[in-house]
Each structure stands twice: as C-alpha cells, then as structure tokens.
Amino acid sequence: MNKKITPKYSPEVRERAVRMVQEHGGEYPSLWAAIESIAPKIGCVPQTLHEWVKKHDIDTGLRDGVTRDEREHLKTLEREVRELRRA
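The sequence shown maps to residues -1 to 85 in the numbering used here.
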C-alpha cells in the first residue's frame, strides 16, 4: 500500500511563510498570485500556504471563523462530555 507522507512544518516556518505573504502580497495582482510565488520558496504547495494564511486571518480577527483557541476549547468540552457519558 502506497501511503502519501505529508511533511510537517514547524510553527516558525508557518509564521514566516504567512508573514512573507503579508509583507509581499501587495507586489502581486492577487493574494493567490502571491501565495503561488511564495509557496515553492517555503517548500509547500500553494493550497497549504493558503490554509495557513486563512487560519492566521481567523486567529487575528481579520476573517470570520472559529479561532485556534476556540477549537481547542471545543475539543476539551467534547472530551469531557464523552467521559461523562461513559461514567
């Protein structure tokens, strides 16, 4: 069975990549054009970098959505509910 291995990127690499998109985005005709140009320099596909940018925008309030902290809190609550149901 051939299983595709997804590389793991450190938080520092992700932050640097998002910062590059933010700093150099104005030099491109669109956000996607900036992402397509920057992603190979980081060593990821454009879709991955786009997800990082979207998550960053949500976490900083630039875009609507569930923040990372809210997701973690929801996971904790769901875990507690599962434990209580088992008790």
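Here a beta-carbon is modelled for each residue, glycine too, at the ideal position from N, C-alpha and C. Being a predicted model, the structure only gives us computed values, none of them experimental.
Buried versus exposed, by CB contacts within 10 Å (16 or more), residue i
i	result
V16	buried
W30	exposed
A85	exposed
H71	exposed
V64	exposed
H54	buried
Given residue i as reference, the closest of the options once Cα atoms are compared
i	options	result
I40	V11, L82, I3 and E68	V11
T4	E21, H22 and C42	C42
Does the region 69 to 81 come within contact of the region 35 to 50, defined as at least 3 CB pairs closer than 8 Å? no
Please specify which runs of the alpha helix (DSSP H), each continuous and at least 4 residues long, are wholly inside the region 14 to 69, giving them in chain order. 29 to 40 and 44 to 57
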